[in-house]
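Residue numbers (the numbering used here): 10 to 524.
Virtual Cβ for every residue (Gly too), placed ideally from N, Cα, C.
Quick caveat, the model's predicted, so the values are computed rather than measured.
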């Protein structure tokens, strides 16, 4: 007789938009989830944190466009939990700040489903902070209120008592009100708020596409309309808006506010994105690579047997992907790190060495010059000439390294593991930013990212020529130049940290010239 176990639901606040602002508890829940129901305003990048095989369900709602009704969402949460699954309901902001999380929690309680609330960072505060506006400030604002700018279709009276609220607090934050700005500002002025009160509307707060417009209360609706501000956006009314000129630049480094295009796979983009966010930059993800396994089972079997027999003097790993895929293939063949006992390991670049270290292997040689010629020189200096060398790599890799080793007397076994293929097309939102010339910098971490980006963008590629082009090494820089994007900077150390360093230096120089 089997015992049925009821699952569990986590109501997770995904934060205001920047995926880096989700809580650790929220990330932990996502990574364990069997099923994730996500909202339209939840950061899409957070879905990449879900484990492989998790069921992802779009439960988004927008005015006039509901993928799932609230009743359907509630029913789906109950259904999956009753099936014994770990379920995450991923929302933008905080689930209990105009997120209908309370309604979902009630439905779960009524159904006898255990539920955990994971609070999120609300845009009502974080959105202002991202624009350089404090919600309170000593001597300026000692109180604030957060209200909705929309209301349920079934309500006939106004959801907000503007007559009481207009002058009751120093700072007023209105969420989801961009479509009703005229009515909101008229109500505030009619009930006593000074028409000259400074205001700001913040679109896509904390996201790379964030925009801010300012105007007095009497004019903010028209200003936002003229600037074509669209949802999601919030309105802030109060004297704290005047502080933006002084606070927004505070502590701004050279990368602050810069939109930096990341062309790595989604799985590998997180480290670079986190480093850029720490500098105040706004990462824009455009994965140009989808990794597709292309390993021939018979060839892998033969390489595995030879490795176990210590037949290779060297194994040369050209990338993080080569490390992960080859070690996964070995594990599938009941082989672990002990197979490398009689073999020396070469890692091309610090990131590849780190990937080996994460799997319990230390590189005997780390080639800092990641060009084919540079790696060849390093290997020959380390005694690889005349040795048996295993080269696990991507399909279509350059011939410089294997040909050079063979010319030096080495026996080289090339093992094709995967294909770095470009996705079918660029996401519309990212493409629009590229076409509008809004990208400040582009990062390339491999020649394949350059070639694939050129394939994806086609005639739109020249729109990036005004951006700083940052390449991880000379080989990637050469590919960038060949593609029509001459590199502006090349990392001195072939790593994501090296990329961030040269970007910081370049924009610092640019600022110095501007001044």
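Could you pull the DSSP bridge partners for residue i from this structure?
{"i": "residue 477", "result": "450"}
{"i": "residue 128", "result": "According to DSSP, residue 128 bridges with nothing at all."}
{"i": "residue 88", "result": "Residue 88 pairs with nothing; no bridge assigned."}
{"i": "residue 102", "result": "24"}
{"i": "residue 221", "result": "211"}
{"i": "residue 171", "result": "For residue 171, which the question treats as bridged, DSSP gives no partner whatsoever."}
{"i": "residue 181", "result": "154, 246"}
{"i": "residue 397", "result": "420"}
{"i": "residue 498", "result": "479"}
{"i": "residue 96", "result": "18, 44"}
{"i": "residue 550", "result": "The structure shown does not extend to residue 550, since the chain is modelled only from 10 to 524, so the question has no answer here."}
Express the C-alpha separation of residue j and residue i in angstroms, rounding to a whole number.
{"i": "residue 435", "j": "residue 463", "result": "11 angstroms"}
{"i": "residue 485", "j": "residue 452", "result": "10 angstroms"}
{"i": "residue 491", "j": "residue 466", "result": "15 angstroms"}
{"i": "residue 32", "j": "residue 56", "result": "14 angstroms"}
{"i": "residue 382", "j": "residue 470", "result": "29 angstroms"}
{"i": "residue 412", "j": "residue 400", "result": "12 angstroms"}
{"i": "residue 264", "j": "residue 512", "result": "8 angstroms"}
{"i": "residue 346", "j": "residue 370", "result": "7 angstroms"}
{"i": "residue 94", "j": "residue 21", "result": "16 angstroms"}
{"i": "residue 2", "j": "residue 338", "result": "This structure leaves residue 2 out entirely; the chain is present only between 10 and 524."}
{"i": "residue 302", "j": "residue 356", "result": "21 angstroms"}
{"i": "residue 498", "j": "residue 106", "result": "44 angstroms"}
{"i": "residue 197", "j": "residue 172", "result": "8 angstroms"}
{"i": "residue 233", "j": "residue 210", "result": "7 angstroms"}
{"i": "residue 137", "j": "residue 143", "result": "6 angstroms"}
{"i": "residue 288", "j": "residue 281", "result": "11 angstroms"}
{"i": "residue 213", "j": "residue 49", "result": "13 angstroms"}
{"i": "residue 318", "j": "residue 426", "result": "21 angstroms"}
{"i": "residue 99", "j": "residue 395", "result": "56 angstroms"}
{"i": "residue 67", "j": "residue 76", "result": "7 angstroms"}
{"i": "residue 284", "j": "residue 449", "result": "16 angstroms"}
{"i": "residue 380", "j": "residue 402", "result": "15 angstroms"}
{"i": "residue 447", "j": "residue 472", "result": "9 angstroms"}
{"i": "residue 205", "j": "residue 251", "result": "12 angstroms"}
{"i": "residue 247", "j": "residue 208", "result": "6 angstroms"}
{"i": "residue 159", "j": "residue 482", "result": "51 angstroms"}
{"i": "residue 63", "j": "residue 82", "result": "17 angstroms"}
Residue i: buried (16+ other C-beta within 10 angstroms of its C-beta) or exposed?
{"i": "residue 419", "result": "buried"}
{"i": "residue 162", "result": "The pLDDT assigned to residue 162 is 48, lower than 50, so where the model puts this residue is not dependable, and the model offers no usable value."}
{"i": "residue 272", "result": "buried"}
{"i": "residue 529", "result": "The requested residue 529 is not part of the displayed model; the chain covers only 10 to 524."}
{"i": "residue 367", "result": "exposed"}
{"i": "residue 89", "result": "buried"}
{"i": "residue 474", "result": "exposed"}
{"i": "residue 223", "result": "buried"}
{"i": "residue 350", "result": "exposed"}
{"i": "residue 113", "result": "buried"}
{"i": "residue 245", "result": "buried"}
{"i": "residue 65", "result": "exposed"}
{"i": "residue 230", "result": "buried"}
{"i": "residue 333", "result": "buried"}
{"i": "residue 27", "result": "buried"}
{"i": "residue 118", "result": "exposed"}
{"i": "residue 17", "result": "buried"}
{"i": "residue 102", "result": "buried"}
{"i": "residue 15", "result": "exposed"}
{"i": "residue 54", "result": "buried"}
{"i": "residue 12", "result": "Note that residue 12 has pLDDT 47, beneath the 50 cutoff, so the model's placement of it is unreliable and the number below is only indicative. By the 10 Å Cβ count, residue 12 comes out exposed."}
{"i": "residue 408", "result": "exposed"}
{"i": "residue 277", "result": "buried"}
{"i": "residue 202", "result": "buried"}
Measuring only from the beta carbon, is residue i closer than 8 angstroms to any heavy atom that is part of the ligand NAD?
{"i": "residue 441", "result": "Annotation note on the ligand NAD: not contained in the displayed structure, which lists no ligands."}
How is the alpha helix (DSSP H) around residue i delimited, first residue to last?
{"i": "residue 193", "result": "190–199"}
{"i": "residue 456", "result": "456–466"}
{"i": "residue 33", "result": "33–41"}
{"i": "residue 415", "result": "409–416"}
{"i": "residue 232", "result": "229–235"}
{"i": "residue 437", "result": "437–444"}
{"i": "residue 118", "result": "110–119"}
{"i": "residue 203", "result": "Here residue 203 belongs to no alpha helix (DSSP H), and DSSP marks it neither H nor E."}
For the beta strand (DSSP E) holding residue i, just list the boundary residues, first then last.
{"i": "residue 422", "result": "420–430"}
{"i": "residue 374", "result": "374–376"}
{"i": "residue 65", "result": "64–67"}
{"i": "residue 44", "result": "44–47"}
Taking 9 angstroms as the CB-CB limit, is residue i close to chain B?
{"i": "residue 17", "result": "In the displayed structure, chain B is absent; only one protein chain is listed."}
Segments of 3+ residues assigned as beta strand (DSSP E) that fall wholly inside the stretch 316–369: Taken in chain order, the complete beta strand (DSSP E) segments of 3 or more residues contained in the stretch 316–369 are 323–326, 353–357.
Inside the stretch 280–305 only - beta strand (DSSP E) runs reaching at least 3 residues: Entirely contained in the stretch 280–305, the beta strand (DSSP E) runs reaching 3 residues are, in chain order, 291–294, 299–302.
Segments assigned alpha helix (DSSP H), at least 4 residues, entirely inside the stretch 249–275: 253–256
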